[in-house]
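Enquirer:
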Amino acid sequence: MTLSPIHILGKDGGGSLKNTLSVSSIHNRSLGPDCISEDMNNPRILITGALGQLGSGLAKMLRAKFGPENVIMSDINKAPKHILEAGPFVYADIMDLKGLKEIVVNYEVDWLIHFGALLSAIGEANVPLAMKINIEGVHNILEVAKQYNLKCLIPSTIGAFGPDSPRALTPDLTIQRPRTIYGVSKVHAELMGEYYHHKYGLDFRSLRYPGVISADTKPGGGTTDYAVEIFHDAIKTGKFQCFLKPDTRLPMMYVKDTLRSTVKFLRVPSDQLTMRTYNVTAMSFTPAELAEEVRKFMPNLEVTYRIDPVKQAIADQWPQVLDDSRARADWGWQHQYDLSTMCQAMFAKLKPDRVLFETNYYRVY
Ligand SMILES: NC(=O)c1ccc[n+]([C@@H]2O[C@H](COP(=O)([O-])OP(=O)(O)OC[C@H]3O[C@@H](n4cnc5c(N)ncnc54)[C@H](O)[C@@H]3O)[C@@H](O)[C@H]2O)c1
1 MTLSPIHILG KDGGGSLKNT LSVSSIHNRS LGPDCISEDM NNPRILITGA
51 LGQLGSGLAK MLRAKFGPEN VIMSDINKAP KHILEAGPFV YADIMDLKGL
101 KEIVVNYEVD WLIHFGALLS AIGEANVPLA MKINIEGVHN ILEVAKQYNL
151 KCLIPSTIGA FGPDSPRALT PDLTIQRPRT IYGVSKVHAE LMGEYYHHKY
201 GLDFRSLRYP GVISADTKPG GGTTDYAVEI FHDAIKTGKF QCFLKPDTRL
251 PMMYVKDTLR STVKFLRVPS DQLTMRTYNV TAMSFTPAEL AEEVRKFMPN
301 LEVTYRIDPV KQAIADQWPQ VLDDSRARAD WGWQHQYDLS TMCQAMFAKL
351 KPDRVLFETN YYRVY
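So the sequence shown is numbered by UniProt numbering: it starts at 1 and just counts up by one.
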């Protein structure tokens, strides 16, 4: 979809954002009034950490629903040109409480989607930084959301479970004693968000995502990243060295399902939710099973295993299969991609000739 240029205006169509032009950190584009969303009741949404694996896809999906000008992407990194051209993008460091407030006020934000984080393997390699970003940062997000009465989504993860949690069909409510700083910080976020909900009435929501598989962006240092890397390596070299053992079963989701679940969850009326933190998933597989599926497209793929002890130890503590029946019952969650259709979708994006010529059956558009 080609997005037309954007004129960022207040929700009343007036120029309340004029003030922000003096804020040097805000990237603003002043363009035609025809780009104002037709529905002035659309929420104005801020996404933190939006340049990561999930942020730009979510922004695209939300912009299609609510209008490009109503979704503000933010990060501490510089955005590439195509992101700057697609809609509002601002610098936002989640450690800077005042800066966050400034953006929320200037942009009249209604929903705060918090994607800024350090993922599992990276967090384990830098515990003080992970504590800062994933714990102190979350405090800032919750404070801003409370002060300005924002709907607030902070994703959680299968990493919020631990070795004492049941690993087969892990339910929403169960023992959570994770042993990674990533997991500990995510349990902290779940509990703090729920505390703010009960104490202050904050519309806090959280989804526990499994490993997310996406062709568009590089993964951010997670334990499930092998399931993305295999596609790139298979196409580039015909070889793949896996950092997890062949029989390590983990829950996974194709990115389109992750984003659809997020948008659907955000739109559910608050009183329809029986919980504030839900499991969501689509499939579970092992590296060996994934390699077998990838070989349907690249029959000569060679897979070897060189185990990363840190990542393997993390994976061995995580659920193998996630029970997301409450999400399905409460707000109608349904996945669309399984192992086979996810592989079709990945090859359709990364190497479409494989999909079209090698296997007629795998014709995907
Ligand atoms: N991708 C997955 O497989 C997965 C699985 C489960 C949960 N999640 C959760 O989903 C959310 C988004 O994940 P992702 O995969 O897009 O992460 P990612 O690592 O790809 O991106 C995180 C982003 O946060 C930004 N960031 C880091 N420090 C920041 C700071 N101080 N202020 C603002 N931004 C900062 C980074 O620049 C980066 O763009 C995270 O909360 C993550 O824990 C992701």
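Using N, Cα and C, we set each Cβ at its ideal position, and we do this for glycine too.
In this text, all values refer to a predicted model and were calculated from it rather than measured experimentally.
Can you find the residues in the same chain that come closer than 7 Å, C-beta to C-beta, to residue 226, ignoring five residues on each side of it along the sequence?
Expert: By one-based count along the sequence shown, residue 226 stands at place 226. For residue 226, where only same-chain residues beyond five positions count, the Cβ hits under 7 Å are 242, 243, 244 and 287.
Enquirer: Just the C-alpha distance for residue 93 and residue 181, rounded to the nearest angstrom, thanks.
Expert: In the sequence shown, residue 93 corresponds to position 93, counting from 1. In the sequence shown, residue 181 corresponds to position 181, counting from 1. Answer to the nearest angstrom: the Cα atoms are 21 Å apart.
Enquirer: Taking C-beta to C-beta, are residue 161 and residue 319 nearer than 9 Å?
Expert: Taking the sequence shown and counting its residues from 1, one reaches residue 161 at position 161. Taking the sequence shown and counting its residues from 1, one reaches residue 319 at position 319. Yes, the Cβ-Cβ distance between residue 161 and residue 319 is below 9 Å.
Enquirer: With a 10 Å radius around its C-beta and 16 neighbouring C-beta atoms as the bar for buried, classify residue 249 as buried or exposed.
Expert: If you number the sequence shown from 1, residue 249 lands on position 249. The residue in question, residue 249, is buried, as its Cβ has 16 or more Cβ neighbours within 10 Å.
Enquirer: Which residue's Cα is closest to the Cα of residue 339: 167, 229 and 213?
Expert: Residue mapping note: residue 339 aligns to position 339 of the sequence shown, counting from 1. Among 167, 229 and 213, the Cα nearest to that of residue 339 is on 213.
Enquirer: Return helix, strand or coil for residue 320, following the three-state DSSP convention.
Expert: The residue labelled residue 320 in the question sits at position 320 within the sequence shown. Three-state result, residue 320: coil.
Enquirer: Going by C-alpha distance, which of 119, 158, 277 and 306 is nearest residue 317?
Expert: Within the sequence shown, residue 317 is the residue found at index 317, counting from 1. Checking every option, the nearest Cα to that of residue 317 belongs to 158.
Enquirer: What are the boundary residues of the beta strand (DSSP E) that residue 111 is part of?
Expert: In the sequence shown, counting from the first residue as 1, residue 111 sits at position 111. Looking at the DSSP string, the run of the beta strand (DSSP E) that includes residue 111 is 111-114.
Enquirer: For residue 94, is the beta carbon positioned less than 8 Å from some heavy atom of ligand 1?
Expert: To locate residue 94, count along the sequence shown from 1; it is residue 94. At least one heavy atom of ligand 1 is nearer than 8 Å to the Cβ of residue 94, so yes.
Enquirer: Return the chain-ordered list of same chain residues with a C-beta closer than 6 Å to the C-beta of residue 130, the five sequence neighbours on each side being excluded.
Expert: Taking the sequence shown and counting its residues from 1, one reaches residue 130 at position 130. Within the same chain, residue 130 has close Cβ partners 118, 123 and 181.
Enquirer: Could you tell me whether any non-hydrogen atom of ligand 1 is closer than 8 Å to the CB of residue 431?
Expert: The structure shown does not extend to residue 431, since the chain is modelled only from 1 to 365, so the question has no answer here.
Enquirer: Just the C-alpha distance for residue 206 and residue 110, rounded to the nearest angstrom, thanks.
Expert: Here residue 206 refers to the residue found at position 206 of the sequence shown. Here residue 110 refers to the residue found at position 110 of the sequence shown. In a straight line, the C-alpha of residue 206 is about 17 Å away from that of residue 110.
Enquirer: For the beta strand (DSSP E) containing residue 252, list its first residue and its last residue.
Expert: Locating residue 252 in the sequence shown gives position 252, where the first residue counts as 1. Start and end: 250-254.
Enquirer: Would you check if there are 3 or more beta carbon pairs closer than 8 Å linking the segment 40-50 to the segment 69-83?
Expert: Yes, since at least three Cβ pairs between the segment 40-50 and the segment 69-83 fall closer than 8 Å, the two stretches touch.
Enquirer: Given the structure, does residue 334 come close to ligand 1, in the sense that its CB is under 8 Å from one of the ligand's heavy atoms?
Expert: Indexing the sequence shown from 1 puts residue 334 at position 334. Outside the cutoff, so no.
Enquirer: Can you say whether residue 223 is buried or exposed, counting buried as having 16 or more other CB atoms within 10 angstroms of its CB?
Expert: Stepping through the sequence shown from its first residue, residue 223 is reached at position 223. Classification of residue 223: buried, given that the 10 Å Cβ count is 16 or more.
Enquirer: Is the beta carbon of residue 200 less than 9 Å from the beta carbon of residue 341?
Expert: Against the sequence shown, residue 200 aligns to sequence position 200. Against the sequence shown, residue 341 aligns to sequence position 341. No, the pair does not count as a contact, with Cβ atoms beyond the cut-off.
Enquirer: Helix, strand or coil for residue 24, going by three-state DSSP, please let me know.
Expert: Within the sequence shown, residue 24 is the residue found at index 24, counting from 1. Bear in mind that the predicted position of residue 24 carries a pLDDT of just 33, short of 50, making it unreliable; the figure below should be weighed with that in mind. In the structure shown, residue 24 sits in coil (DSSP, three-state: anything other than H, G, I, E or B).
Enquirer: Can you give me the Cβ contacts of residue 295 inside the same chain, cut-off strictly under 6 Å, excluding the 5 residues immediately before and after it?
Expert: By 1-based counting over the sequence shown, the position of residue 295 is 295. Around residue 295: 301.
Enquirer: To the nearest angstrom, report how far apart residue 299 and residue 238 are at their CA atoms.
Expert: Stepping through the sequence shown from its first residue, residue 299 is reached at position 299. Stepping through the sequence shown from its first residue, residue 238 is reached at position 238. Computed Cα separation, rounded: 9 Å.
Enquirer: Nearest by alpha-carbon distance to residue 102: which of 87, 282, 148 and 139 is it?
Expert: The residue you call residue 102 lines up with position 102 of the sequence shown. Residue 148 is the option with its Cα nearest to residue 102.
Enquirer: Any chance the CB of residue 271 is under 8 Å from a heavy atom of ligand 1?
Expert: Taking the first residue of the sequence shown as 1, we reach residue 271 at position 271. No.
Enquirer: Apart from the five residues just before and just after residue 263, which ones in its own chain have a Cβ nearer than 6 Å to its Cβ?
Expert: What you label residue 263 is simply residue 263 of the sequence shown in a count that begins at 1. Within the same chain, residue 263 has close Cβ partners 61.
Enquirer: Starting from residue 273, follow the alpha helix (DSSP H) in both directions and report where the run begins and ends.
Expert: As a first step, residue 273 is located in the sequence shown; it is residue number 273 there, counting from the start. Element bounds for residue 273: n/a, residue is neither H nor E.
Enquirer: If you drop the 5 nearest sequence neighbours on each side, which residues of the same chain put their C-beta closer than 7 Å to that of residue 258?
Expert: The residue you call residue 258 lines up with position 258 of the sequence shown. Excluding positions up to five away in sequence, the list reads 54, 209 and 212.
Enquirer: Please name the residue, chosen from 97, 309, 267 and 308, that lies closest to residue 66 on a Cα-to-Cα basis.
Expert: Numbered from 1 along the sequence shown, position 66 holds the residue referred to as residue 66. Checked all of 97, 309, 267 and 308; the closest Cα to residue 66 is 267.
Enquirer: What are the uninterrupted segments assigned as alpha helix (DSSP H) that are 4 or more residues long and contained completely in the segment 180-268, given in chain order?
Expert: Runs of the alpha helix (DSSP H) inside the segment 180-268: 181-200, 226-237 and 255-267.
Enquirer: Fully enclosed by the segment 82-145, which beta strand (DSSP E) runs are 3 residues long or longer?
Expert: For the segment 82-145, whole beta strand (DSSP E) runs of length 3 or above, ordered along the chain, are 89-91 and 111-114.
Enquirer: For the alpha helix (DSSP H) that contains residue 294, what are its first and last residues?
Expert: Translated into the one-based positions of the sequence shown, residue 294 becomes position 294. Start and end: 287-294.
Enquirer: With DSSP as the reference, identify every bridge partner of residue 283, one or two as the case may be.
Expert: What you label residue 283 is simply residue 283 of the sequence shown in a count that begins at 1. Residue 283 pairs with 252.
Enquirer: Is the beta carbon of residue 335 sitting closer than 9 Å to the one on residue 275?
Expert: Taking the first residue of the sequence shown as 1, we reach residue 335 at position 335. Taking the first residue of the sequence shown as 1, we reach residue 275 at position 275. The answer is no: Cβ separation not under 9 Å.
Enquirer: Buried or exposed: where does residue 114 fall if 16 or more other Cβ atoms within 10 Å of its Cβ makes it buried?
Expert: Translated into positions along the sequence shown, residue 114 becomes position 114. Label assigned to residue 114: buried.
Enquirer: Consult DSSP for residue 56 and reduce its assignment to one of helix, strand or coil.
Expert: Here the question's residue 56 lines up with position 56 in the sequence shown. Helix at residue 56.
Enquirer: Under the three-state reduction of DSSP, which class applies to residue 175: helix, strand or coil?
Expert: Within the sequence shown, residue 175 is the residue found at index 175, counting from 1. Coil, per DSSP.
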